[in-house]
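Residue numbers (UniProt numbering): 1 to 271.
What follows is a short report on a single structure.
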């Protein structure tokens with residue numbers, strides 16, 4: 001599997017224990033593969049870990065930084081580790097502003113909320129201008145509003161800095177569906193839908209639907225059928241109207257990522 005598009009957000013979807021965090025650890029050199037190999041932009045993390053650390057940044061569920069240091073001091077510590085003594089201050093200040101932490105930059109990290117800590121962790125990961133950014137459940141433990149804000153900031157920074165991200169959230173442009181360490185499928189949401197489902201669900205709210213159209217009643221004045229292509233919708237609507245019935249709404253029900261994932265894993269269990 002390769003992620004080639006600059007600025008892309010690629011997400012792994014799978015249950016606990018599927019191998020999502022393990023994959024991140026393999027790609028960042030924390031773990032060594034028991035078989036096969038992996039590379040980031042042509043660099044093997046087990047052979048050249050220092051080079052991978054320059055190419056990649058990582059944000060985990062728990063922001064690992066120093067509580068006794070201020071926000072800016074934390075960033076300057078890591079800037080020094082990357083040899084950025086001269087440009088580090090400007091870069092740190094710029095990221096703090098982008099992530100809405102300027103007013104808190106001189107506060108001890110111990111006073112930061114969980115959301116603030118995660119934003120600072122994101123700033124730390126971006127300090128050295130990485131080409132790839134790994135995010136392992138960075139919004140875990142955040143309230144919905146804070147999680148949404150962090151997601152939006154991640155999306156904006158990916159576009160602005162031309163970073164390729166690997167992430168498992170709704171901001172992704174492509175997905176990898178993983179189970180028990182096996183990549184079941186990857187692609188955009190539309191590509192995955194086309195691969196897994198051969199038909200789409202069409203739901204129409206109407207006074208009635210002619211029996212010959214093969215709709216199934218699923219609620220009061222609600223009828224559903226399976227279609228192969230969106231082009232079938234005008235024909236079905238016309239036939240219902242020609243039968244003298246009133247149509248109140250027409251909805252094409254697209255399978256969700258969860259639908260796709262559970263269909264794929266169900267197929268594996270049957271095999």
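Every residue gets a Cβ at the ideal spot worked out from N, C-alpha and C, and that includes glycine.
Bear in mind the structure is a predicted one, so any value in this text is a computation, not a measurement.
Buried/exposed call for residue i, threshold 16 Cβ in 10 Å
i           : result
residue 111 : exposed
residue 23  : buried
residue 20  : buried
residue 261 : buried
residue 251 : exposed
residue 28  : buried
residue 35  : exposed
residue 150 : buried
residue 228 : exposed
residue 118 : buried
residue 182 : exposed
residue 63  : buried
residue 175 : buried
residue 91  : buried
residue 30  : exposed
residue 216 : exposed
residue 17  : exposed
residue 14  : buried
residue 71  : buried
residue 11  : buried
residue 74  : buried
residue 154 : buried
residue 159 : exposed
residue 172 : buried
residue 144 : exposed
residue 9   : buried
residue 234 : exposed
residue 292 : Missing from the structure shown is residue 292; the chain here goes from 1 to 271 and no further.
residue 253 : exposed
Chain B within 9 Å of residue i, Cβ atoms only
i           : result
residue 119 : Of the protein chains in the structure, only one exists, and it is not chain B.
For residue i, three-class secondary structure by DSSP
i           : result
residue 220 : coil
residue 28  : coil
residue 118 : helix
Strand pairing of residue i, partner residues [DSSP]
i           : result
residue 18  : Beta-bridge pairing links residue 18 to no other residue.
residue 206 : 247
Subject >> Unbroken stretches of the alpha helix (DSSP H), 4 residues or longer, contained in the stretch 121 to 202 >> reply: 144 to 161, 189 to 196
Original post:
Does the stretch 76 to 93 come close enough to the stretch 136 to 145 to have 3 or more Cβ pairs within less than 8 Å?
Top reply: no
Original post:
Are three or more beta carbon pairs between the stretch 235 to 254 and the stretch 205 to 219 nearer than 8 Å?
Top reply: yes
Original post:
Hey, which unbroken runs of the alpha helix (DSSP H) at 4 residues or more fall wholly within the stretch 31 to 115?
Top reply: 49 to 55, 71 to 81, 85 to 98
**OP:** Enumerate, from N- to C-terminal direction, the unbroken beta strand (DSSP E) stretches of 3 or more residues contained entirely within the stretch 222 to 265.
**Re:** 222 to 227, 247 to 253
Original post:
Do the stretch 38 to 53 and the stretch 193 to 206 meet, that is, are 3 or more Cβ pairs less than 8 Å apart?
Top reply: no
Original post:
Does the stretch 94 to 104 come within contact of the stretch 114 to 125, defined as at least 3 CB pairs closer than 8 Å?
Top reply: yes
Original post:
If we count Cβ pairs, one from each stretch, closer than 8 Å, do we get three or more for the stretch 125 to 135 versus the stretch 45 to 58?
Top reply: yes
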